[in-house]
Amino acid sequence: PGHRFYADPFPVVRDGRHWVFFEDLDHRIGKGVISAVAFDDDGPAGEAVVVLDEPWHLSYPYLIEHDGELWMIPESNTAGDVAIYRCARFPDRWERVATLLDGLSLSDATVFEHGGRWWMFGTEHDGEGGWSDVLSIHSAPSLFGPWSAHPANPMLVDRDTARPAGAPFRRDGRLFRPVQDCRDGYGAALAIAEVTRLDDEAYTQVIRHHLTPGPRWPGRKFHTLNRSG
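For the sequence shown, the numbering used here begins at 57 and goes up steadily by one.
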């Protein structure tokens, strides 16, 4: 709808049906909530419904299926923390379970397992500079922590390749992560970075692909890349 802005799509399959969770920002009040809509073969099926609303702005509803449960880590950097929610009833009832990190403003927290540990990527904002250029990495022995900052933080200071743009994925044993390319503005383009090293001592990546709006995605922006099924 004209007064709303949809962003950060995260798909998931439930009972054989695809759903997409996303940031739903009402321009009239300037605050985002998390909404979801079912999809069929022709696209969205039915109306989007609000599934999570907090007193602060929410976006980037990062979904994780773990231990037979569905979890969400939405961006809540205006609240100064990173929290995890459990799906108590799909799709519209979510319970806040734990605060994973507190006292920092982290954008687009992206969590995954690698090398026997859990890793969290995000761009950290310290009150100065941009929101998309300083990559901060944390790690933990389990999804619920305790989370500790990587000793080499800040890992990147680069508006072209720092900020996460969706869930990492593996192809032929190689680990890739979508990243935002903000050279021409926030959300203007994406890149695919191959993670060539990630451990307690260092992180390195190599950009393998660059993606911009075009015939296969005719939108004005290209901000988030995710898949399911």
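Ideal Cβ positions, reconstructed from N, Cα and C, are used throughout, including at glycine.
In this text, all values refer to a predicted model and were calculated from it rather than measured experimentally.
The stretch 272-282 and the stretch 251-264 do not touch, with fewer than three beta-carbon pairs separated by less than 8 Å. Under DSSP, HIS266 takes part in a beta bridge, and its partners are ALA247.
The Cβ neighbour count for TRP150, taken over all protein chains shown within 10 Å, is at least 16; the residue is labelled buried.
In the three-state reduction of the DSSP assignment, THR280 falls in the coil class, being assigned neither a helical nor a strand state. Here TYR141 is bridged, per DSSP, to MET128 and ARG152. Proximity to SER192 across MET176, ASP82 and SER198 peaks at MET176, based on C-alpha coordinates. According to the DSSP assignment, THR179 belongs to the beta strand (DSSP E) that extends over 173-181. Burial check for ILE140: the Cβ neighbour count within 10 Å reaches 16 or more, so the residue is buried. For THR166, the beta-bridge partners assigned by DSSP are PHE177.
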